[in-house]
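First comes the structure, then the notes that go with it.
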Amino acid sequence: MPPPADKKKHYELVVQDDFLVVLHPSHPLSLQIPRSASGDASLGLSVEHVKDFQHVHGRRMAFDAIYGVFWLLRGPYLAVVTQSKLAARGVGDAEIRLVQKLELLLIPTQNLPSLTPQQEQDEQRYIDMITTDVDQQKLHFAKDFDLTHSLQRIAAFDGKKGSIAERADDRFFWNKSLCSAFLEQKFFEWVTPMVQAHIEVTEQLKVKDKSFRILYISRRSCKRQGMRFSIRGIDDDGNVANFVETEQICVFDDGRQTSFVQIRGSIPVFWSSPVTMKYAPKVYQAGDAERDVAAFQKHAYELMSLYGRVLFVNLIDKKKEQLKLGEAMAKTVADAATKDSHILAAVRLVWFDFHREYRNMKWGNLEKLIKQVDDDFLDHGYLCKSADGAVVSKQSGVVRTNCMDNLDRTNVVQSLFGRRSLMLQLNETEALQGNVLNSPFEDFERTFKRVWGNNADAISLFYTGTGALKTDFTRTGKRTKKGALMDGYNSCMRYVMNNFMDGYRQDVLDLLLGRFSVSRSKPSPFQTQGESLESVLTKLMGLVVAFFLVETYRSGSQSYMFERLFRSVLLTLLICAGVFTVLVKKGNALGKKLVRLPSLRPQDGCMTTWKR
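In this text, residue positions in the sequence shown follow the numbering used here: the first is 16, and each later residue adds one.
Here it is as structure tokens:
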């Protein structure tokens, strides 16, 4: 069913010479931003009663939400969402919108700094990075529904005062640092938390006599976020790369609501695998056991405080580099449990070699994993709210799944847990005893597999730039030739994206999250790194010309020019193919020069000084 028609804009911006004034149709106050602010001053925000504000003159602009304030070379810019679309209807029919366009408006109009030509160029580049293709970031917001919290956490707030912005979960509040000027003055009503997420609502489903819809929300943490090979592992604060909380909400026709939450995140030790054009980059570990344990303790305590008991399911291989990384994780968890009785009591690790178990398409072996963890899984339970809003049961623990990238293998296993929880919620105990890869309800299965396949692709696009691998299994319950071909295509595209495009994508994230401080006193961060693509192409053309001249000297007038040119190009391509093959297999100093690392924070998460 298509979503209902969009509502009108939430806010109106009045642009005057001295002030930017933000109005809300149903709010008695207006937000005023003086345009005298400079790069070295605070914004001087204030609120006034609308009746006291005379806005006879000024350009008007309707918009949906304030994203925040970007401090660039020329000064502070107010960023507003000028276009969004209805993405889904949440619990209680709340409107969830997807950001489609951001516009930046320079706040100060006087005492503007003079910029050099390079700084002018950099300023425009920053603006383009922030505003171009922002719809691909999948930033969602809602005015009447807290997207940053699960239903269970929201239920704990019942009866307590506070706006959504005031109580938002910092892990998923993507524009929080950019809204600091508003939050510090407690102007919460003007702040709209943005969440990078995949959100999907199913059509009406029916299993026997139960009719319901499912709302899927996969919230991506902003604490240690980045691209696949740019950001890995854990940091000293206990934040891990590619942390995603996936919530599966069932809204039943009789008014009941249920929620099941599971999480994923990078292997929680210090490690990296920076790109060098090698197909599978080398894995580097910090090798500092005490530091690993200290960071893991912080990670575990945060998870325990939020979710209760934590079941870590590690799906990486028990061989080669993945074996070393898995052993480091196992040792870290064991050492932390030895030091801390709370972790010993609430944390469990299961290492299940996914690739070995499903070798030769033995997908049924995944039942072994379910048997290993089922006691914990069943004990965790799920949130259930009755039709009158009373909490009947709570989820007391969480499954935290990881593989190397927390994508393809993780997606398959999370879909199994998602199905199993739904069967519990539907009280279909017989289905729990059958095939873990399927249920006997065909219409339900068709929709369930589709939405989990969509979820897999969305999270993979965030982290790698391509859809997920193995989604033919997620969508159909079996591997197909078409799926294998798509996996090959996506693997090739990932190689290109990770080596040559992710540096730029990482820079965009760092700007959107407010993690990079722009400074006029520092040199441009956009100076060419290593070998530029243009210089490589120039050298290749020079090589063709050189071979052509050699061929001309050798053959004189005995061969046609076209033949000599053809041989020159062919020889150049053969040499390039040989060099490329070596780079893909081994990677080397040349590969490090050719890849595109982030420009704004090039060393964050990309350290190669650690031992292997």
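Glycine included, C-beta positions come from ideal geometry on N, C-alpha and C.
For residue 348, the three-state DSSP class (helix, strand or coil): helix
Proximity below 8 Å, CB of residue 8 to CB of residue 251: Not covered by the structure: residue 8. The range shown for the chain is 16 to 627.
CA-to-CA distance, residue 450 to residue 244, given in whole angstroms: 36 Å
Span of the beta strand (DSSP E) around residue 298: Run containing residue 298: none; DSSP gives neither H nor E here.
Inter-stretch contact (C-beta, 8 Å, three-pair minimum) for the region 403 to 413 and the region 317 to 328: yes
Reference residue 482; option with closest CA among 462, 504 and 491: 504
DSSP three-state assignment for residue 231, whether helix, strand or coil: strand
Complete beta strand (DSSP E) runs within the region 165 to 214 (minimum length 3 residues, chain order): none
Reference residue 60, options 528, 84 and 397, closest by Cα: 84
Residues bridged to residue 91 [DSSP beta-bridge criterion]: 86
DSSP state of residue 493 mapped onto helix, strand, coil: coil
Cβ shell of residue 465 (< 7 Å), same chain only, five flanking positions each side left out: 490
Assigned exposure category for residue 357 - 16 Cβ within 10 Å defines buried: exposed
Reference residue 453, options 439, 431, 469 and 441, closest by Cα: 431
Three-pair Cβ contact test at 8 Å for the region 507 to 517 versus the region 231 to 240: no
Inter-residue CB distance, residue 287 and residue 299 (contact presumed, cutoff 8 Å): 5 Å
Alpha-carbon spacing of residue 517 relative to residue 506, whole angstroms: 15 Å
Residue 30 vs residue 47 beta-carbon contact at 8 Å: no
Closest Cα partner of residue 137 within the set 613, 535 and 58: 535
Residue 364 beta carbon less than 8 Å from that of residue 329: yes
Distance CB(residue 312)-CB(residue 355) smaller than 8 Å: yes
Whether residue 111 touches residue 162 by CB criterion (8 Å): yes
Length at least 3, wholly inside the region 109 to 155: the beta strand (DSSP E) runs in chain order: 110 to 121
Uninterrupted alpha helix (DSSP H) stretches inside the region 317 to 380 (no shorter than 4 residues): 335 to 354, 356 to 361 and 369 to 372
Cα-Cα separation between residue 16 and residue 278, rounded to whole angstroms: Confidence in residue 16 is poor, its pLDDT being 46 and thus under 50, which makes the residue's placement unreliable; the coordinate value appears in the next sentence. When rounded, the distance between both Cα atoms is 30 Å.
contact_flag[the region 521 to 534, the region 144 to 162] where n(CB pairs < 8 Å) is 3 or more: yes
Boundaries of the beta strand (DSSP E) in which residue 400 is found, first to last residue: 398 to 400
Touching by the beta-carbon criterion (3+ pairs, under 8 Å), the region 84 to 93 and the region 105 to 122: yes
Within 8 Å, strictly: CB atoms of residue 418 and residue 369: yes
Beta-carbon spacing of residue 610, residue 376 below 8 Å: no
Start-end ranges of the alpha helix (DSSP H) lying completely within the region 442 to 485, minimum 4 residues: 444 to 447 and 457 to 479
Integer-rounded CB distance, given that residue 495 should sit under 8 Å from residue 487: 5 Å
Local conformation of residue 395 per DSSP, three classes: helix
Cα-Cα separation, residue 86 to residue 394: 49 Å
Distance between beta carbons of residue 275 and residue 433, contact taken as under 8 Å: 7 Å
Nearest residue (CA-CA) to residue 107, options 616, 157 and 99: 157
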